[in-house]
Every structure is written in C-alpha cells, then in structure tokens.
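Let me begin by presenting the structure, written as structure tokens, before commenting on it.
Residue numbers (UniProt numbering): 1 to 240.
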C-alpha cells in the first residue's frame, strides 16, 4: 500500500471532522472519495496534505509514519494536493504559478516537469505569460493540476475536480488523470459527480459526517448506486 490510515481522527480546533478513519490506497490506483457537503472529504484531503491536525491515529505513506510531518516535508516525499477552489496566485502568470509548484525540486527537474505539464495541457503552453486570474474556469483547473504536478508527486490528491466546470474542460482534466494513472501515479480524488468518479476509480469510499459509511471497488459501487445516491442525497439528474 502507498497510503494507509489507521483510526485517524481530524479536527479544526475543538470541532472533530473525521472520525476513526481507516483507509488503504494501493500504489498505482485511483481512489474516489464521495460524500455530501460537510461529509469530511475535503478535511480528510487537507489532513493528508498536512494542513489539518490529525488528533489521533496514524497516517502511513510508503510504510513510513507521516502523521505529524509538515506540508513541505510531505511534498518532498511525493504527496501533492490540487485543492478545492484551485487557490491560484491570480495576479501571477501561468508560468509563475507553475514554478511555485516546483519549489521543492531542482531547477532541472522543474524544467522537465513544466515540459510534461505543457504537453498534457497545451492550452497552458499557449498562455504562459497570461495572468492566472484571466483564465477560464477549466483552464484554471488545468493550471491547478499542473502546479501540483510540478512537485513530481507519487500521490496526487485532487479535491472537487469537476466542480463548476464545463463538460469539455472536465473531459480534458479526466483524460489527464487517466494518463497519469497509466504512468503509475496514485490518485486520490474527491468528486461531486458519482458517475465521473465511478468511471475513473478503482476503489470508492463514501463519507458521511466524518465517518466511512461504505467502501468497495468501483464495480461494487456501481451495483450499490441507489444506496450510495441515498447517502449523498442525490435524485434524478442530480447524479450527473
């Protein structure tokens, strides 16, 4: 396993947001985290990146205990986060935003990674001098993913990949996720669209109020879709 959580609890101050979470993520897999708003998905992702306090339990990465490592140390070890809302430096150029993602890597590695990102997202290559804040929503998501890739991660965590994006932009981003996974990268994905998640994932975890209420393979999730939809509070066309 590349990532293992053992009875992990997370909190913002005195408010516990993840309760005794157990999770195993295999190397080279895509794992989708599903749940309604407030279920604890983003809190869990942020805790894995080192931005939310783990109050008890252990987080193991490549069999090493990283529970209390700083965010920078996690990035150095190959854990990268593409956060919800993208959190770009909107007054900086596309190129400058990409460079910020490679701050733990050598100049040579950054140049190599930037070539890779531009090859994956040609639109970014056409807009390197353009301010990030002037990009479309889809282009900003591509930039956020690209910035995370500049750290040359082994584990890429993407929070709300498709939220607010047009279908064409979603297709481009998911094509990149599939390509990265084919290359062997492990992906942890928070996704609002159950259908998209099941198409991309090998394994699925459903959260409710900070607790794991269902987990299994994507195939098993597809067979249990009505039950999962009821947990997520989805009805009819909301499933898309």
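From the three backbone atoms N, C-alpha and C, an ideal C-beta is built for every residue, glycine too. Keep in mind that this is a model prediction, so the values were computed, not measured.
Which runs of the alpha helix (DSSP H) at least 4 residues long sit entirely within the stretch 49 to 136? Give them in chain order. Within the stretch 49 to 136, the runs of alpha helix (DSSP H) that reach at least 4 residues and sit entirely inside it are, in chain order, 71 to 76, 94 to 101, 107 to 120, 122 to 126.
As a quick exercise: from 184, 11, 137, 233, pick the residue whose alpha carbon is nearest that of residue 173. Here residue 173 refers to the residue found at position 173 of the chain shown. Considering only alpha carbons, the answer is 137.
Residue 227 burial status per 10 Å Cβ neighbour count (16 or more: buried): Working through the chain shown from its first residue, we reach residue 227 at position 227. Classification for residue 227: exposed.
Can you name, in chain order, every residue of its own chain whose Cβ lies under 7 Å from the Cβ of residue 240, other than the five neighbours on each side? As a working note, residue 240 is residue 240 in the chain shown. Any reading at residue 240 must be qualified, since the residue scores a pLDDT of 45, below 50, and its modelled position is unreliable; the value itself is stated next. Residues 193, 195 of the same chain have their beta carbon placed closer than 7 Å to that of residue 240, with the five preceding and five following residues left out of the count.
Specify the secondary structure class of residue 192 as computed by DSSP and reduced to three states. Translated into positions along the chain shown, residue 192 becomes position 192. Here residue 192 carries a coil assignment [DSSP, helix/strand/coil].
Which residues bound the beta strand (DSSP E) around residue 159? In the chain shown, the residue the question calls residue 159 occupies position 159. Start and end: 155 to 159.
Grouping DSSP H, G and I as helix and E and B as strand, with all else coil, what is residue 40? If you number the chain shown from 1, residue 40 lands on position 40. Look at residue 40 here: in three-state DSSP terms it is coil, with no helix or strand label.
Nearest residue (CA-CA) to residue 140, options 48, 31, 118, 88: As a working note, residue 140 is residue 140 in the chain shown. Among 48, 31, 118, 88, the Cα nearest to that of residue 140 belongs to 88.
Under the DSSP definition of a beta bridge, which residues are partnered with residue 12? The sequence position of residue 12 within the chain shown is 12, counting from 1. Residue 12 pairs with 15.
Using 8 Å as the Cβ pair cut-off and three pairs as the minimum, do the stretch 25 to 40 and the stretch 207 to 219 touch? In this structure the stretch 25 to 40 touches the stretch 207 to 219; the number of beta carbon pairs closer than 8 Å is three or more.
Could you say if the stretch 71 to 81 and the stretch 44 to 61 meet the contact criterion of at least three C-beta pairs nearer than 8 Å? The stretch 71 to 81 is in contact with the stretch 44 to 61.
Please report the distance separating the alpha-carbon of residue 108 from that of residue 114. Indexing the chain shown from 1 puts residue 108 at position 108. Indexing the chain shown from 1 puts residue 114 at position 114. For residue 108 and residue 114, the gap between their C-alpha atoms comes out near 10 Å.
Please state the DSSP three-state secondary structure of residue 225. The sequence position of residue 225 within the chain shown is 225, counting from 1. In the structure shown, residue 225 sits in a helix (DSSP, three-state: H, G or I).
Are residue 200 and residue 189 closer than 8 Å when you measure CB to CB? On the chain shown, position 200 is the one that residue 200 refers to. On the chain shown, position 189 is the one that residue 189 refers to. With a cutoff of 8 Å on beta-carbon distance, residue 200 and residue 189 are scored as near each other.
Can you name the start and end residues of the beta strand (DSSP E) that residue 179 belongs to? If you number the chain shown from 1, residue 179 lands on position 179. For residue 179, there is no enclosing beta strand (DSSP E); the residue is part of the alpha helix (DSSP H) that begins and ends at 167 to 182.
So, at 8 Å on beta carbons, what are the nonlocal neighbours of residue 57 in its own chain, with the 5 sequence-adjacent residues on each side left out? The count along the chain shown starts at 1 and reaches residue 57 at position 57. Cβ neighbours of residue 57 beyond the five flanking positions: 5, 6, 7, 8, 9, 20, 21, 67.
Could you give the first and the last residue of the continuous beta strand (DSSP E) run that contains residue 216? Position 216 of the chain shown, counted from the first residue, corresponds to residue 216. Membership of residue 216 in the beta strand (DSSP E) is indicated by the continuous run 211 to 217.
So is residue 162 buried or exposed if we call it buried at 16+ other beta carbons inside 10 Å? Taking the first residue of the chain shown as 1, we reach residue 162 at position 162. Residue 162 should be labelled buried.
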